[in-house]
Amino acid sequence: MEPLFPVFFDRIMSPTYHFGGLSYGNLHSMTNESFISYPKKAALQSLKKMNLLREYGLNQYVIPPQLRNYKVILRQMGFDGNFKNALKAVFKSDLQLLSSIFSGSASWVANSFVLTSSNDSLDNNVHITPANLVTCFHRQLEVSDTIKTLKYLFPNRAHFSLHDTVPNSFSDEGAANMIRLSGDSKIGLYIFVYGKVSTVTPKIDFPVRQSKEAFEYIARHHKLKSNQFLFAQQSAKAIEQGVFHNDVICFGTSNCLVIHEDAFENQDAVLDIISKQYEELFAKPLIIYQIPSNQLTLQQAVKTYFFNSQFVNLNSNQMLLICPTLCKDNITIQSCIRDLEQRFSKELIVCYTDLSESIKNGGGPACLRGFAYLSQTEIDLINKKYLLTDKLYQRLKTTIMNLYPDKLNFEELILEEKINSFQNTTKAILKLFN
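Mapping the sequence shown onto our numbering, position 81 (from 1) lands on 85, and the numbers just tick up by one.
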């Protein structure tokens, strides 16, 4: 059994990046609806975060923006006639549909797929399931392109098993609701966090996005070993406060789980089960750092996006925590980080990254990355076109600087010449990947 290494996949922000307020239950998205967006700034911020991971010697891959056929989508939605008139018609009749068609939400790759490691499956294969994203229409539009991207990224079918999406009856929002713990570099323990059982939905105002049945389906199809996964239910209280995915209230890797006290239903019992299963697998205790609500409220957690920090095991001596800059001057968060440092036997390196444009739509450092734990043999089989190198970083940065719009008003999405310009910009990015 080969050792495994963390691998990350981030997508370049779209030149149509805007604030449509499409994600009900995502307070950042709802609050910033119709604000002016800054696509160039958004793309450069996310690219800088990717490069930070690369500079730490991690395996970082970059995915180009999705190139959508807007004319076809409009026709499918019943808006016939020439493109210019169709844009005007949808603007007059359905602003949410217009926003959905041009949404840049595919950049939050944490929701795109679930990937489990070969060391954790009965058939010794890497398994990948694209998320169906059925809760929100604007995210459903991503799925077909995501499947194509996964085929390009992982062309070797002997080692990588790419599955169909979970049936649409069971809502699935990907790895934003999954944590993989480990005791060494070889096998893992998966925590699948769901909000509902499909027959029983919590009676709350905001949508509950992840079904338990979806993760059960994935665990079966990925042939996960039965002692290497478990389920935890996200608390209705957290969802009501804007915790629309688990990665807004909890993070973990290696032998450490960082969690808010109100993250799960029946949390004490669930953490006890996780601890026991972890210790049975790895013969050592799991470090659980639970932050009480009297130290950090759910509202503060959502506002600062601390739990959406990207937490990475660098090596046997160091951990990396990439936090949003919102956390840097927050006294409560800084106290939590100091406490966290005291719990570790490893050095904790803390970095801050400015993702202000993405966070206005509810996407912090962890939202932007898909993740995997792969052997070196498997890493060598990933399509190298997508590996972030210094050369590719510089070329992407230059292209974004030269071609992306500085700012975007929502009303500009009905201007045919603007849309054509955005399409040409996306094509220029795609050319960098041949």
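We put the beta carbon where it would ideally sit given N, CA and C, even for glycine.
These figures come from a predicted structure and were not determined experimentally.
Euclidean distance between Cα positions of residue i and residue j
{"i": "R213", "j": "F117", "result": "14 Å"}
{"i": "P43", "j": "Q100", "result": "19 Å"}
{"i": "N63", "j": "K96", "result": "46 Å"}
{"i": "S86", "j": "D98", "result": "Ser is not the amino acid found at residue 86; the sequence shown has Asn there. Approximately 18 Å, taken between the alpha carbons."}
{"i": "S189", "j": "K92", "result": "55 Å"}
{"i": "T150", "j": "F106", "result": "16 Å"}
{"i": "R224", "j": "K155", "result": "21 Å"}
{"i": "N317", "j": "L324", "result": "6 Å"}
{"i": "G24", "j": "N231", "result": "42 Å"}
{"i": "G61", "j": "Q314", "result": "15 Å"}
{"i": "L56", "j": "L48", "result": "12 Å"}
{"i": "I77", "j": "M34", "result": "25 Å"}
{"i": "G374", "j": "A179", "result": "7 Å"}
{"i": "I383", "j": "F437", "result": "18 Å"}
{"i": "I263", "j": "I291", "result": "11 Å"}
{"i": "I278", "j": "E220", "result": "17 Å"}
{"i": "S425", "j": "S38", "result": "21 Å"}
{"i": "I40", "j": "N428", "result": "22 Å"}
{"i": "P7", "j": "S122", "result": "11 Å"}
{"i": "A287", "j": "E415", "result": "59 Å"}
{"i": "A376", "j": "G256", "result": "14 Å"}
{"i": "R161", "j": "K388", "result": "16 Å"}
{"i": "I337", "j": "L372", "result": "21 Å"}
{"i": "P289", "j": "R347", "result": "12 Å"}
Simplified DSSP state of residue i, which is helix, strand or coil
{"i": "V247", "result": "coil"}
{"i": "H22", "result": "coil"}
{"i": "Q398", "result": "helix"}
{"i": "F426", "result": "helix"}
{"i": "N86", "result": "coil"}
{"i": "V212", "result": "coil"}
{"i": "K288", "result": "coil"}
{"i": "P171", "result": "coil"}
{"i": "C331", "result": "helix"}
{"i": "Y293", "result": "strand"}
{"i": "E146", "result": "coil"}
{"i": "Y65", "result": "strand"}
{"i": "P134", "result": "strand"}
{"i": "K200", "result": "strand"}
{"i": "L352", "result": "strand"}
{"i": "P7", "result": "coil"}
{"i": "F375", "result": "strand"}
{"i": "L385", "result": "coil"}
{"i": "I263", "result": "strand"}
{"i": "A236", "result": "strand"}
{"i": "S116", "result": "coil"}
{"i": "N3", "result": "Nothing can be reported for residue 3, as the shown portion of the chain is limited to 5 through 438."}
Pair within 8 Å by beta-carbon distance, residue i and residue j
{"i": "A236", "j": "I195", "result": "yes"}
{"i": "A218", "j": "F268", "result": "no"}
{"i": "A370", "j": "N334", "result": "no"}
{"i": "G366", "j": "L359", "result": "no"}
{"i": "V252", "j": "V306", "result": "yes"}
{"i": "G192", "j": "D124", "result": "yes"}
{"i": "V138", "j": "D14", "result": "no"}
{"i": "E361", "j": "A90", "result": "no"}
{"i": "T357", "j": "K53", "result": "yes"}
{"i": "N259", "j": "L344", "result": "no"}
{"i": "E146", "j": "H249", "result": "no"}
{"i": "Q238", "j": "Y198", "result": "yes"}
{"i": "L285", "j": "V66", "result": "no"}
{"i": "I295", "j": "C340", "result": "yes"}
{"i": "L407", "j": "A432", "result": "yes"}
{"i": "N36", "j": "K435", "result": "no"}
Whole-number beta carbon distance between residue j and residue i, since they are thought to touch under 8 Å
{"i": "F9", "j": "L378", "result": "6 Å"}
{"i": "S111", "j": "M17", "result": "5 Å"}
{"i": "S165", "j": "N129", "result": "5 Å"}
{"i": "E420", "j": "K88", "result": "5 Å"}
{"i": "L302", "j": "V247", "result": "7 Å"}
{"i": "E265", "j": "S215", "result": "Their Cβ separation, rounded to whole angstroms, is 24 Å, which puts E265 and S215 out of contact at 8 Å."}
{"i": "H22", "j": "L412", "result": "5 Å"}
{"i": "L71", "j": "T430", "result": "5 Å"}
{"i": "F153", "j": "L417", "result": "Inspection of the sequence shows that residue 153 is occupied by Thr rather than by Phe. At roughly 24 Å, the Cβ-Cβ gap does not stay under 8 Å, so T153 and L417 are not in contact."}
{"i": "T120", "j": "L228", "result": "6 Å"}
{"i": "H142", "j": "S109", "result": "6 Å"}
{"i": "F158", "j": "I386", "result": "7 Å"}
{"i": "K350", "j": "Q322", "result": "6 Å"}
Residue i beta carbon near the ligand NAP (any heavy atom closer than 7 Å)
{"i": "V274", "result": "Of the ligands one can find in the structure shown there are none, so the ligand NAP has no counterpart to examine."}
With a threshold of 8 Å, are at least 3 pairs of Cβ atoms found where one atom belongs to the region 272-285 and the other to the region 319-338? No, they do not touch.
Take every Cβ of the region 392-407, pair it with every Cβ of the region 128-140, and state whether three or more of those distances are shorter than 8 Å. no
With a threshold of 8 Å, are at least 3 pairs of Cβ atoms found where one atom belongs to the region 13-32 and the other to the region 243-263? yes
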